[in-house]
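Using the working numbering, read the sequence shown as starting at 1 and increasing by one per residue. Beneath this line is the structure, given in structure tokens, with notes to follow.
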Amino acid sequence: MKRLALMSAVATFAFGFIVAGTALANNAWGNYHWARTSNPFTLKLGDNVSTAWDSYLATASNDWTQSSVLNTTVVPGQAINGAICAPSAGRVEVCNAKYGPTGWVGIAQIWTDNNSHIVQARAAMNDFYLSKKPYNTPAWKRYVMCQEVGHALGLDHQNETSNNANLGSCMDYTNDPDGGAGGASASDPSNEHPNAHDYAQLEAIYAHGDSYNSYDTSSPAALPGGPGRGNNLDEPSGWGRLVSGSAKGSGGSVAVYARDLGGGQKLITFVIWAE
């Protein structure tokens, strides 16, 4: 069942702000969003993950489909395999592989046109870290998968402090994704799924209409100029300049990079650094 308007619930969050009497969340990732002519729209998640990750991808897809403005559906991947996680126009390619000691547990990347519309995206989970402690648990894998897909929809973190009590959202940075005993609070909630705040933010992001569908590659207007894919998508050398957060090895938890592709088109990379 599609989730109904969640504004009254979101009003309890300190992160909200009031516009024309409606409470809106504020964890949007810039102004980036998929162009679409109507809601709800259906975004394809390309399955390039191993069988060990299939259930986590399915859970994330089901979770985000609870939004009232969009659906996600898992389809066969087009990225060759998890290790070569190339993006595909009009969809999100989701991958896992042992990418090595890159410093990141997970990354999400979006390619945008000159109107801040997302035209393709990828989300990658690094098994180099996620196969060892403390990350090799179902809670960590659900949390990272949910968050990276959420970034590909246009969401940012709700909070970027990892050692405080959980907010109950996979868009809340944490070092204790399952919550409860062992973390900052013995009674805080799990951060393995979206919460009402995330769904309300999606409603805010996708409240307006667009003239074309960037998730539909049959539309000739979906990829104006054809954004380039670039090289070294798994390393900072291919991400452009650091625009927020911390660089690799500096002790920070998250980072956002932006690379100018020309013609107003950009590659934006959101990084979860291993702690």
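The C-beta atom is built at its ideal place from N, Cα and C for all residues, glycine as well.
Whole-angstrom distance between residue j and residue i, CA atom to CA atom
i	j	result
residue 119	residue 148	16 Å
residue 107	residue 79	16 Å
residue 264	residue 182	46 Å
residue 192	residue 237	31 Å
residue 180	residue 186	4 Å
residue 188	residue 257	31 Å
residue 170	residue 194	5 Å
residue 213	residue 126	31 Å
residue 115	residue 150	20 Å
residue 259	residue 30	14 Å
residue 279	residue 137	No answer is possible for residue 279: it lies beyond the span of the chain, which begins at 1 and ends at 275.
residue 271	residue 117	20 Å
residue 35	residue 113	10 Å
residue 240	residue 269	9 Å
residue 47	residue 86	12 Å
residue 174	residue 275	11 Å
residue 243	residue 32	15 Å
residue 59	residue 84	23 Å
residue 122	residue 105	14 Å
residue 205	residue 53	29 Å
residue 101	residue 135	14 Å
Same chain, Cβ closer than 8 Å to residue i, five either side skipped, listed in chain order
i	result
residue 246	252, 253, 254, 255 and 273
residue 42	70, 71, 72, 73 and 215
residue 37	209, 210, 211, 212 and 213
residue 172	157, 158, 159, 166 and 191
residue 184	163, 164, 165, 166 and 176
Own chain, CB closer than 6 Å to residue i, minus 5 neighbours either side, in chain order
i	result
residue 45	61, 72, 74, 92 and 94
residue 21	Unreliable placement is indicated for residue 21, whose pLDDT of 30 sits below 50; no coordinate value is reported for it.
residue 202	67 and 69
residue 217	89 and 90
residue 4	Note on residue 4: pLDDT 36, under 50, position unreliable in the model; the coordinate value appears next. Contacts found: none.
Contacts around residue i, its chain only, beta-carbon distance under 7 Å, and the 5 residues preceding and following it disregarded
i	result
residue 49	57, 82, 94, 95 and 96
residue 249	103
residue 152	92, 108, 110, 121 and 123
Proximity to residue i [Cα-Cα], best of the options
i	options	result
residue 145	163, 124 and 187	124
residue 143	177, 201 and 244	177
residue 141	190, 84, 184 and 209	190
residue 67	127, 271, 116 and 207	207
residue 200	241, 154, 163 and 77	154
residue 98	234, 47 and 244	234
residue 51	77, 135, 175 and 243	77
residue 55	39, 139 and 121	139
residue 40	65, 53 and 32	65
residue 232	109, 198, 63 and 53	109
residue 63	198, 205 and 100	198
Residue i beta carbon near the ligand FMN (any heavy atom closer than 7 Å)
i	result
residue 56	The ligand content of the structure shown is nil, which means the ligand FMN is not present either.
query: Is the region 124-132 in contact with the region 159-167, if contact means three or more CB pairs nearer than 8 Å?
result: no
message: Ignoring anything shorter than 3 residues, give me the beta strand (DSSP E) runs that lie fully in the region 64-106, in order along the chain.
response: 70-76 and 92-97
Segments of 4+ residues assigned as alpha helix (DSSP H) that fall wholly inside the region 128-170: 138-153
message: Please give me, in chain order, every unbroken run of the alpha helix (DSSP H) with length at least 4 that falls completely inside the region 195-271.
response: Runs of the alpha helix (DSSP H) inside the region 195-271: 196-205.
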